[in-house]
Amino acid sequence: MNITQLTLTETIEALKRKEFPEEDLNKAYLERIKDLNPKLNAYLEIVESKKGIPAAIKDVISTRGIKTTASSKILENYIPPYNGTVINKLLEQGASIIGKTNHDEFAMGSSNENSAYGVVKNPWNISKVPGGSSGGSAAAVAADLCVFALGSDTGGSIRQPASLCGVVGFKPTYGTVSRYGLIAMASSLDQIGPMTKSVEDAALVMEWISGPDGYDANMSSEKFKVKNEKLQSGIRGLKIGVPSEYFEEGLDPKVKQVIQDAIKKLEELGAEIVEVSLPHSQYAVAVYYILMSSEVSSNLARFDGIRYGKGRDQFGAEAKRRIMLGTYSLSSGYWDDYYAQAAKVRTLVKQDFEKAYQKVDVIIGPVSPTVAWDFGAKLDDPLAMYLSDIYTIPANLTGIPGISLPCGFVDDLPVGLHILGKFGDDMTVLQTAYAYEQATDWRKEKPKL
Ligand code: GLN
């Protein structure tokens with residue numbers, strides 16, 4: 243048996259049946275990390291865990307006694323004195339932290355090229371980006387360097403790298419998972435979520451990490467519970483919306499074909515496909531870059547050179563760019579024209595979804611307009627980079643849940659299928675994803691390393 247290829251649910255079963263001890267499990271993963279991490283740069287910090295189920299944690303989530311850098315020079319020597327809520331919850335379930343994963347500095351980016359500690363390589367082709375910002379977590383799952391990982395998603399940072407690396411990535415409904423201990427990027431958008439080898443694993447990790455803790459004022463009072471009968475109940479009669487705006491110019495025709503094939507598959511499985519319209523989606527990227535950078539400029543003010551040791555000159559170029567943009571859009575005289583306007587259009591984007599969800603149960607489309615691209619290809623053109631999040635951002639603006647799961651390949655690189663749900667209806671997203679995953683074999687493909 244190849245221990246490191248097992249999913250989380252398979253690993254738990256195998257441990258229960260005593261097929262191997264936890265020590266062997268940790269050893270197998272650590273050996274693989276030692277072998278492959280120099281090539282991929284997915285981990286910034288490796289923890290020699292001996293017991294527990296090895297989980298990889300994005301380095302933007304605080305871990306007691308383990309260095310947490312946010313992939314920034316400004317936090318180069320920061321060792322948190324406390325755990326984020328999600329970490330305590332994972333440890334209670336018998337998981338262990340096997341390492342902290344690389345990502346774009348302060349979670350700002352779509353390609354991992356903004357990390358202060360070097361790029362992460364895409365396991366499917368090491369000349370390509372892994373996506374971002376949670377590229378290290380995505381690469382660690384894809385390359386079997388952990389059983390599962392956690393990422394954070396502010397504008398797509400779980401779903402887009404999951405898509406580019408061929409793994410499952412789930413952004414829960416805003417308020418399902420506590421942000422306590424997550425180094426804040428944009429507080430009205432940030433949400434932690436699982437990155438896994440299967441949909442069932444994503445559901446299980448959600449159950450582990452969700453629920454109120456008294457530290458995040460925006461939490462829903464309900465804990466997410468996996469309903470297995472519902473997860474496995476199929477999608478006969480389910481109404482799936484396809485937004486015309488998600489298939490227009492900018493979408494790579496080959497990616498489009500793969501998504502259309504996936505839609506056909508869902509129809510074969512008994513779902514009813516309904517065309518829907520999300521007319522304000524075209525403004526989502528612009529709205530996001532005003533609201534997000536405004537919140538960034540406020541959140542990053544705490545790194546003032548007094549509390550965390552290093553000075554603000556240690557911020558990378560992208561962090562500086564966003565602090566300046568945000569400070570500008572919040573300054574008096576401009577606030578009305580930028581921040582206030584963007585907040586209004588955010589409501590229009592939300593109303594589009596509410597209207598569509600009167601007709602359908604979930605909405606599907608692509609996660610990313612293209613598959614993974616070459617290093618450097620979009621580095622000199624921030625706008626081109628920002629546009630790569632065009633399909634993922636609306637879920638953050640509106641707080642709704644969304645998943646990316648493998649649905650095919652273009653030029654030997656993975657393509658992710660995007661399933662978005664109603665606010666609070668994370669279960670139907672997982673149910674749809676599960677039905678698709680069970681009916682296809684994409685998840686079983688592995689990169690050759
Ligand atoms: N790529 C987006 C950005 O650069 C999203 C980041 C995120 O979700 N953390 O802002």
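Residues 243 to 691 (the numbering used here) are what the sequence shown spells out, left to right. Yeah, the Cβ is synthetic: ideal placement off N, Cα and C, and Gly gets one too.
Between M243 and G397, the C-beta spacing is not below 8 Å. When Cβ pairs closer than 8 Å are counted between the two stretches, the region 653 to 671 is seen not to touch the region 422 to 432, the count staying below three. When G641, V441 and T327 are compared, the shortest CA-CA separation from T682 is found for V441. Residue environment for D266: exposed (fewer than 16 other C-beta atoms within 10 angstroms of its C-beta). The beta-carbon separation of T343 and A298, rounded to 5 Å, stays under the 8 Å limit for a contact. The alpha carbon of S536 has as its nearest neighbour, out of A561, T569 and V613, the alpha carbon of T569. Not a single heavy atom of the ligand GLN lies less than 7 Å from the C-beta of T682. Within the region 609 to 670, the complete alpha helix (DSSP H) runs of at least 4 residues fall at 624 to 629 and 635 to 640.
Closer than 7 Å to some heavy atom of the ligand GLN: that does not describe the Cβ of M437. Boundaries for Y324: no alpha helix (DSSP H) harbours it, and the DSSP string shows neither H nor E there. With a cutoff of 8 Å on beta-carbon distance, T438 and F390 are scored as near each other. Residue I316 holds the alpha-carbon nearest to the alpha-carbon of L542 among V609, I316 and I288. The beta carbons of Y678 and A561 sit about 37 Å from each other, so the pair does not count as a contact at 8 Å. Taking 8 Å as the upper bound for CB-CB distance, D594 and P521 are in contact here, some 6 Å apart. Contact annotation: the region 612 to 628 does not touch the region 380 to 387, with fewer than three C-beta pairs closer than 8 Å. Beta-bridge partners of F412 (DSSP): I645.
Three or more pairs of CB atoms, one per stretch, sit closer than 8 Å, so the region 582 to 600 contacts the region 513 to 530. Per DSSP, reduced to three states, the secondary structure at N364 is strand. Residues of the same chain with a CB within less than 6 Å of the CB of K309, apart from the 5 flanking positions on each side, are E287 and I321 in chain order. Following the DSSP letters along the chain, one finds A381 inside the alpha helix (DSSP H) bounded by residues G377 to A384. Straight-line measurement puts the Cα of Q502 at about 45 Å from the Cα of R306. Taking the Cα of I482 as reference, the smallest distance to any Cα among S475, D395, A526 and I605 is reached at I605. Looking only at P403, E264, N325 and A337, the smallest Cα-Cα distance to S630 is reached by P403.
The C-beta distance from S405 to G373 rounds to 7 Å, short enough to meet the 8 Å contact threshold. When C-beta atoms of the region 543 to 551 are compared with those of the region 506 to 514, fewer than three pairs fall below 8 Å, so the two segments do not count as touching. If you draw a 10 Å sphere on the C-beta of A428, you find 16 or more other C-beta atoms in it, and that means buried. Between the beta-carbon of Y271 and that of L387 there is about 7 Å, and that keeps the pair under the 8 Å contact cut.
Comparing alpha carbon positions, the residue from L282, R563, P485 and P414 closest to F466 is P414. Around the beta carbon of R401, 16 or more other beta carbons lie within 10 angstroms, which makes this residue buried.
Proximity of the beta carbon of A349 to the ligand GLN is indicated: a heavy atom of the ligand is located closer than 7 Å. Within the model, the alpha-carbon separation for L662 versus R564 is close to 28 Å. In the DSSP assignment, Q593 falls within the alpha helix (DSSP H) that extends over Q583 to A598. A check of alpha carbon separations from P624 across T253, K260 and N356 identifies N356 as the nearest. Taking all protein chains shown into account, T674 has 16 or more neighbouring C-beta atoms within 10 Å of its C-beta and is therefore buried. The shortest C-alpha to C-alpha distance from D494 to any of P608, Q247 and I340 is the one to P608. Taking 7 Å as the cut-off, one finds at least one heavy atom of the ligand GLN near enough to the beta carbon of D395.
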